[in-house]
Amino acid sequence: MESMRDTRRIMEKEIKKGSTPLRFEKISIDETCYQEIISREKILEVLRYIHRVGEYKTYANKMVINNVYTYMRMNTPDFTRARSIFDREKIYHQMLRQEKKLQPNYDGDCYIETAKCIFSLPEVQWEKCRMQYKDEDTFGFVLSNKYILGLYKYCREARRDLALDQVKQENDKTGRLMGLKDV
């Protein structure tokens, strides 16, 4: 795994090649970011929705290729983008195998965390990225695969730092989850 300095250097090279210079600002997590999974059926539904497979295929659009997915290779997490339905289904099935291997207990031990990562764009870039979509003003960003994975690494590091800085009671369920204790 490369260091943050290497990641920063790679991202600077990608900006020179034409990627939009988005910068990671902060991560936002609170008590509302956790959803308890109470059954195997619920986890399967959530995984199908996240990966846009099964009955949720119709929700997939061009934006789905920007999603970063995590799956296990041996005992190491691998972070990748899925560019097609085949890639998303492959990751979905790998997660099903992982679920069978872990055999989670759904009695309050399985949660989905939704963390919000906030990025900023320098004001000098605003006009460059401004565009019209369906008669509305919006922004469009050109981002390479390496740049998206770099932004994702910033989010992961911020989440890890948040867990290390978390000073809440261990018996408080949300505090335990936010601090990544016994996870």
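The numbering of the sequence shown is this note's numbering, which starts it at -9 and goes up by one.
Quick reminder that beta carbons are idealized off the backbone N, C-alpha and C, glycines included.
Classify residue 78 as buried or exposed, calling it buried when 16 or more other Cβ atoms lie within 10 Å of its own Cβ. Result: buried.
Would you mind stating whether residue 18 and residue 106 have Cβ atoms separated by less than 7 Å? The answer is yes: Cβ separation under 7 Å.
How many Å lie between residue 156 and residue 88 at the Cα? The straight-line gap separating the alpha-carbon atoms of residue 156 and residue 88 is approximately 28 Å.
As assigned by DSSP and simplified to three states, the class of residue 159: With a pLDDT of only 45 at residue 159, under the threshold of 50, the placement of this residue in the model should not be trusted; the figure read from the coordinates follows. Three-state DSSP puts residue 159 in coil, outside helix and strand.
Does at least one heavy atom of the ligand FAD sit under 6 Å from the Cβ of residue 138? Questions concerning the ligand FAD fall outside what the structure shown contains, since it holds no ligand whatsoever.
Residue 147 vs residue 24 beta-carbon contact at 7 Å: Result no, Cβ atoms of residue 147 and residue 24 do not sit closer than 7 Å.
Within 10 angstroms of the Cβ of residue 29, are there 16 or more other Cβ atoms? Answer buried if so, exposed if not. So residue 29 counts as exposed.
Counting C-beta neighbours from all protein chains within 10 Å, is the total for residue 42 16 or more, i.e. buried, or is it exposed? Buried, by the Cβ-count rule.
Host alpha helix (DSSP H) of residue 39 (start-end): Per DSSP, the unbroken alpha helix (DSSP H) holding residue 39 starts and ends at 30 to 41.
Span of the alpha helix (DSSP H) holding residue 84? For residue 84, the uninterrupted alpha helix (DSSP H) run begins and ends at 75 to 92, by DSSP.
How is the alpha helix (DSSP H) around residue 119 delimited, first residue to last? 116 to 119 is the extent of the alpha helix (DSSP H) around residue 119.
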